[in-house]
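Single-structure report; data block below.
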């Protein structure tokens, strides 16, 4: 097999833009020349990588898997050149982590600090995003690792051989509200009337878990605010706008200071599992080193995060 490195860069640009014309412009070649180079790549591999019948174009299943390898090779070549030209100062590879917003602020910093305390000095770059975009980035080589809450309803079900995961711990979503002038919770889930709900917007993973609980317990409520961001719900709860279900790890300080209080018993708590995902096709040395370290015992950072790893 005779592959040219520029074809891999071409293919990566095409995957990013989903357009032959835009990718050709990015690669500073004419569109006909760019198209010929993509066809040369497909011919060398003996695979169809691009579904040209769709607009914008889509990658075939083979194309999606090959993209991870293509980006990895391009990144590794770039990394070697940076080292040779002393542009990285000898710091080594940077591990890019895509994380759900609540984990990016509530879990990631303490987790990385614990890794360093355990003697693993890795360089990381964090991208906080929604779960769907994080999954897309992992599938197409846009990140090395993904931190997310496990979705038992198949939203995150991926081929475990290609996308293995590690159990990083557990936390829970708690119903919280602000404290009234009398020092008591402003709202009560056990009361008779309807409660003001600060809700997750449709499609948010955390929202699906909360909505299931609300249906099971037949809670009477009126939605007064919606967003996909747990931190935004927390802010509205702090303003006394209603009850919000927020991951415990996202509001440690507010609970300790008494700015937010839990306004329901354990029957209103929603358990969450934290998992770390990688793509087995990515061969970064630092990613493999980190993964082996975590398989031997991940660093748990939350008071309610378990210490036992699992595949």
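Numbering (my numbering), first residue to last: 1420 to 1730.
Positions of the beta carbon are idealized from the N, C-alpha and C atoms, including for glycine.
In this text, all values refer to a predicted model and were calculated from it rather than measured experimentally.
Tell me the rounded alpha-carbon separation between residue i and residue j.
i: residue 1404; j: residue 1697; result: Here the chain comprises residues numbered 1420 to 1730, so residue 1404 is not present and cannot be evaluated.
i: residue 1445; j: residue 1438; result: 11 Å
i: residue 1582; j: residue 1699; result: 6 Å
i: residue 1664; j: residue 1636; result: 15 Å
i: residue 1666; j: residue 1490; result: 34 Å
i: residue 1591; j: residue 1481; result: 38 Å
i: residue 1599; j: residue 1643; result: 19 Å
i: residue 1651; j: residue 1634; result: 23 Å
i: residue 1526; j: residue 1532; result: 10 Å
i: residue 1447; j: residue 1428; result: 12 Å
i: residue 1670; j: residue 1681; result: 11 Å
i: residue 1619; j: residue 1422; result: 47 Å
i: residue 1455; j: residue 1472; result: 17 Å
i: residue 1441; j: residue 1476; result: 12 Å
i: residue 1645; j: residue 1655; result: 10 Å
i: residue 1705; j: residue 1638; result: 48 Å
i: residue 1623; j: residue 1615; result: 19 Å
i: residue 1497; j: residue 1463; result: 23 Å
i: residue 1512; j: residue 1703; result: 8 Å
i: residue 1452; j: residue 1424; result: 16 Å
i: residue 1563; j: residue 1488; result: 12 Å
i: residue 1436; j: residue 1457; result: 14 Å
i: residue 1474; j: residue 1530; result: 41 Å
i: residue 1544; j: residue 1528; result: 11 Å
i: residue 1738; j: residue 1711; result: No information on residue 1738 is available, as it lies outside the stretch 1420 to 1730 that the chain covers here.
With DSSP run on the structure shown, which of helix, strand or coil describes residue i?
i: residue 1451; result: helix
i: residue 1417; result: Here the chain comprises residues numbered 1420 to 1730, so residue 1417 is not present and cannot be evaluated.
i: residue 1475; result: coil
i: residue 1648; result: coil
i: residue 1623; result: coil
i: residue 1457; result: helix
i: residue 1525; result: helix
i: residue 1605; result: coil
i: residue 1672; result: helix
i: residue 1587; result: strand
If I'm right that residue i touches residue j with Cβ under 8 Å, what's the distance once you round it to whole angstroms?
i: residue 1486; j: residue 1430; result: 7 Å
i: residue 1514; j: residue 1713; result: Contact doesn't hold; Cβ gap of about 12 Å is too wide.
i: residue 1479; j: residue 1469; result: 7 Å
i: residue 1522; j: residue 1566; result: 5 Å
Among the candidates the options, whose CA atom is the shortest distance from the CA of residue i?
i: residue 1606; options: 1570, 1640, 1584 and 1671; result: 1640
i: residue 1547; options: 1557, 1668, 1584 and 1524; result: 1524
i: residue 1555; options: 1608, 1519, 1535 and 1531; result: 1519
i: residue 1460; options: 1434, 1426, 1443 and 1489; result: 1426
i: residue 1594; options: 1701, 1543, 1457 and 1632; result: 1632
i: residue 1688; options: 1629, 1472, 1701 and 1609; result: 1629
i: residue 1603; options: 1679, 1649 and 1452; result: 1679
i: residue 1686; options: 1528, 1450 and 1608; result: 1608
i: residue 1701; options: 1621, 1561 and 1653; result: 1561
i: residue 1597; options: 1553, 1626, 1657 and 1563; result: 1657
i: residue 1626; options: 1443, 1690, 1580 and 1684; result: 1690
i: residue 1617; options: 1516, 1466, 1432 and 1647; result: 1647
Q) Does the count of Cβ pairs from the segment 1671–1688 and the segment 1575–1590 closer than 8 Å reach three? A) Judged by Cβ distances under 8 Å, the segment 1671–1688 makes no contact with the segment 1575–1590, as fewer than three pairs qualify.
Q: Flag this pair as touching only if the segment 1681–1695 and the segment 1581–1595 have three or more C-beta atom pairs under 8 Å; answer yes or no.
A: Under the 8 Å Cβ criterion, the segment 1681–1695 counts as touching the segment 1581–1595, having at least three qualifying pairs.
Q: Kindly confirm or deny that the segment 1651–1663 and the segment 1531–1542 touch, where touching means at least three C-beta pairs closer than 8 Å.
A: No, they do not touch.
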